[in-house]
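A short write-up of the structure that comes next.
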DNA sequence: TTGTAGGCGTTATCAC
DNA sequence: GTGATAACGCCTACAA
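Residue numbers (my numbering), protein chains in the order written: chain A, 4 to 346; chain B, 4 to 346.
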């Protein structure tokens, strides 16, 4: 039960391999007579023949494959991007080769090397922190030299030139700050749950500046740096909320952490938003169903994913394009987790 | 800046292509002198040469690629499986080719065809409902005839022979039922949010049987069939909870739907668990952080994913193995969303 | 110890 | 209109 090849089809239909190829590639109309054509098609159907993509690819050069590297499969935020990526890639006839770095930069090098060997047509990188280790960076640099089209999603705080699609949270965070300040919050904390310090700088900086602009000193004690899991967000929140002078508002740099914060507040007997206001980021699917519904900064993740693929395809088609930066402005969605500061 | 080939390496190091290949494949130890070997390695490093996986694959037959088909990227449940799949596949040197059917069986045929052309080494199918349409089934059948190793995850309610790893929810659901009944619940409803009717039969049947065994008639009105999104779960719950004789307990066939139920209860001013007990399935990551913490049936999704890959690799290595069925028993985790029936 | 040659399955270029 | 033939990059049996 070996897989049939073009040769088998040719034999069965009594023509040469070339003819089969012509029929397959649509050039048959003017060259191959209808009858022959039909015989070939019948043979294909009978054998269940399907051309070997590896051979096609070897010959043509393209693999119609896009590498997708995700830092952490378990964070819903990434899947929402992934969905957009998948939709757009599929529509263009591309498939996704998925890798998870598991936030572990040691894996990254392996992944890059492997993708390189597979001769993928392009690469989508979610989160620049993937290329942390020396070796990973070197491998990535090599891919860039080879002019592998690469698009970065989410962050772009690296020194190499690639296309990227980001949602710059700066403006939105300024909005968050003036919103919270207008509600009379003065002790505003931040759950800075990042895999890499530089990661959410677009949230940290405007946060600090917003405070300063309002004449509120930045209190380092109110900035809890922790890892990116819910549990870590939960623990960080417990700590912040147990402070003698407890914050009246908290900004979590993503919604997953915010879920942990909600839980921590409840465990301490604090009501959100009466005792504590909470703002998240990303607007993951469940955000609007949480109790209370989460006020968050929404970024239309699916669209970001789609745009990334569009950029990638554009560069695949035209490698010499100038590098593109697309910034999709997120917006603050006020729901129920924020309210006036307690008196 | 074309990619270097083995030939380029050979030229640069002044040896033949074969020698390069020997060095690469480790057969160099006894054949190629150390010095020549080093020259080749240097050339490889200098050129940044990496073998072309397509060519290797064309020659060797295997692609070291596993297809992963997910019914709905946005459901966290699938991603937790995916994480296990990814871990185990990576460890064995395989990559994942990801496709999302978007719960749309029309896509399925395309995907199967494409994967077939790509000559993947194996396929992991999450949820049997993927093969709904006639064409999709035919294509799948063809793959099976070709003896493509396939492992099914989550469900196995189809008529073809494949390996599968399932979590049979039957026993756990019986446990759920006796637990709820012991709490004096009699009006127990079900949020049956499925893409395909047969999908969660392992939850529906024991639910009905459990009721009957306790002498409680099955009330069709309490079984809300809806789609698999949170919003649909939310709407279904609103409806069920607005019934004149409202259920005192609800079983949602997955945790995502349960999030919608929680929200619906709150919107109707119902307290969980005082007024309503709620049980979900899957134990997704956030389940234990929800308010209230969700009582759910946990299935160790990561492990299920890993086992699936193990089975797949076993079959790839030994195609004539008898078909395997692995059932990983889920267990009921009682948290805070369930309590005694209101009097 | 190293080099040569054939073949994996395609497609495209030529002759016929 | 159709049929050989070369080439994509690699691996390996075999020859030198």
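Beta carbons: idealized from backbone N, C-alpha and C, even for Gly. This one's a predicted model, so the numbers in the text were calculated from it and none came from an experiment.
6 Å Cβ shell around residue i - same chain, five flanking residues per side excluded
i, result
"residue 73/B", "81, 103, 129"
"residue 304/A", "83, 84"
"residue 197/B", "203"
"residue 125/A", "69, 152, 315, 319"
"residue 330/A", "169, 171"
"residue 184/B", "217"
"residue 206/A", "172, 176, 256"
"residue 65/B", "124"
"residue 327/B", "166, 314"
"residue 9/B", "20, 23"
"residue 298/B", "282, 337, 338, 340, 341"
"residue 174/B", "none"
"residue 60/B", "66"
For residue j and residue i, the rounded distance between their alpha carbons
i, j, result
"residue 221/B", "residue 290/B", "28 Å"
"residue 251/A", "residue 279/A", "5 Å"
"residue 236/B", "residue 48/B", "56 Å"
"residue 210/A", "residue 181/A", "10 Å"
"residue 123/A", "residue 143/A", "14 Å"
"residue 147/B", "residue 179/B", "37 Å"
"residue 338/B", "residue 200/A", "35 Å"
"residue 99/A", "residue 120/A", "15 Å"
"residue 325/B", "residue 90/A", "37 Å"
"residue 261/B", "residue 294/B", "12 Å"
"residue 86/A", "residue 76/B", "6 Å"
"residue 195/B", "residue 208/B", "12 Å"
"residue 92/A", "residue 127/B", "20 Å"
"residue 190/B", "residue 249/B", "7 Å"
"residue 258/B", "residue 78/B", "10 Å"
"residue 264/A", "residue 287/A", "15 Å"
"residue 45/B", "residue 12/B", "9 Å"
"residue 336/A", "residue 281/A", "12 Å"
"residue 300/A", "residue 215/A", "22 Å"
"residue 192/A", "residue 239/A", "11 Å"
"residue 346/A", "residue 244/B", "37 Å"
Simplified DSSP assignment, three categories, for residue i
i, result
"residue 330/B", "strand"
"residue 2/B", "Here chain B covers residues 4 to 346 and nothing more, so residue 2/B does not appear."
"residue 339/B", "coil"
"residue 16/B", "helix"
"residue 364/A", "In this structure chain A extends from 4 to 346, so residue 364/A is not present and cannot be described."
"residue 182/B", "helix"
"residue 252/A", "strand"
"residue 244/B", "helix"
"residue 103/B", "strand"
"residue 299/B", "strand"
"residue 221/A", "coil"
"residue 98/A", "strand"
"residue 123/B", "coil"
"residue 45/B", "helix"
"residue 321/A", "coil"
"residue 53/B", "coil"
Other residues of its chain near residue i: CB distance less than 7 Å, five sequence neighbours each side excluded
i, result
"residue 138/A", "112"
"residue 276/A", "295, 339, 340, 341, 342"
Residue i CB to nearest heavy atom of the ligand PLP below 7 Å
i, result
"residue 292/A", "Absent from the structure shown: the ligand PLP. Ligands present: none."
Close beta carbons around residue i, own chain, < 8 Å, minus the five adjacent residues each side
i, result
"residue 241/A", "267, 270, 271"
"residue 150/A", "322"
"residue 309/A", "87, 88, 90, 91"
Taking a cut of 7 Å between CB atoms, which residues from the segment 276-309 of chain B lie near chain A? Near chain A, meaning a CB-to-CB distance below 7 Å, the residues of the segment 276-309 of chain B are 288, 289, 292, 294.
Taking contact to mean 3 or more Cβ pairs, one atom from each stretch, closer than 8 Å, check whether the segment 49-62 of chain B and the segment 267-285 of chain B are in contact. As far as the Cβ criterion goes, the segment 49-62 of chain B does not touch the segment 267-285 of chain B, which means the pair count is below three.
If you pair each beta-carbon of the segment 219-233 of chain B with each one of the segment 298-315 of chain B, do three or more pairs fall below 8 Å? No, because fewer than three Cβ pairs between the segment 219-233 of chain B and the segment 298-315 of chain B fall closer than 8 Å, the two stretches do not touch.
Short-range partners of chain A found in the segment 78-101 of chain B, where Cβ spacing is below 9 Å: For the segment 78-101 of chain B, the set of residues with a beta-carbon nearer than 9 Å to any beta-carbon of chain A comprises 78, 79, 81, 82, 83, 85, 86, 89, 90, 93, 96, 98, 99, 100, 101, in chain order.
With contact counted as at least three CB pairs below 8 Å, one residue from each stretch, are the segment 15-22 of chain B and the segment 317-337 of chain A in contact? Three or more Cβ pairs closer than 8 Å define a contact, and the segment 15-22 of chain B falls short of that threshold against the segment 317-337 of chain A.
Beta carbons nearer than 8 Å to chain A: which residues of the segment 175-189 of chain B have them? For the segment 175-189 of chain B, which is checked against every Cβ of chain A, not one residue is closer than 8 Å.
Does the segment 139-147 of chain A come close enough to the segment 19-30 of chain B to have 3 or more Cβ pairs within less than 8 Å? Short answer: they don't touch.
Below 8 Å between beta carbons is the criterion; list the residues of the segment 126-155 of chain A that meet it against any residue of chain B, in chain order. So the list reads 145, 148, 149, 150, given in the order they occur along the chain.
How about the segment 227-235 of chain B and the segment 51-61 of chain B: do they share at least three Cβ pairs that are nearer than 8 Å? Output reads no: the segment 51-61 of chain B does not touch the segment 227-235 of chain B.
Which residues of the segment 43-65 of chain B have a Cβ closer than 9 Å to any Cβ of chain A? Give them in chain order. Within the segment 43-65 of chain B, the residues whose Cβ lies closer than 9 Å to some Cβ of chain A are 51, 53, 54, 55, 56, 57, 58, 59, 60, 61, listed in chain order.
By the 7 Å beta-carbon criterion, what residues does the segment 233-263 of chain A contribute toward chain B? Legend: CB atoms of the segment 233-263 of chain A lying less than 7 Å from CB atoms of chain B belong to residues 233, 237, 262, 263.
Residues from the segment 104-127 of chain B in contact with chain A, defined by Cβ distance under 7 Å: Under the 7 Å Cβ criterion, the segment 104-127 of chain B contributes 116, 117, 119, 120, 121, 122.
Which residues, in order along the segment 320-339 of chain A, keep a beta-carbon less than 8 Å from a beta-carbon of chain B? For the segment 320-339 of chain A, the set of positions with a beta-carbon nearer than 8 Å to some beta-carbon of chain B is empty.
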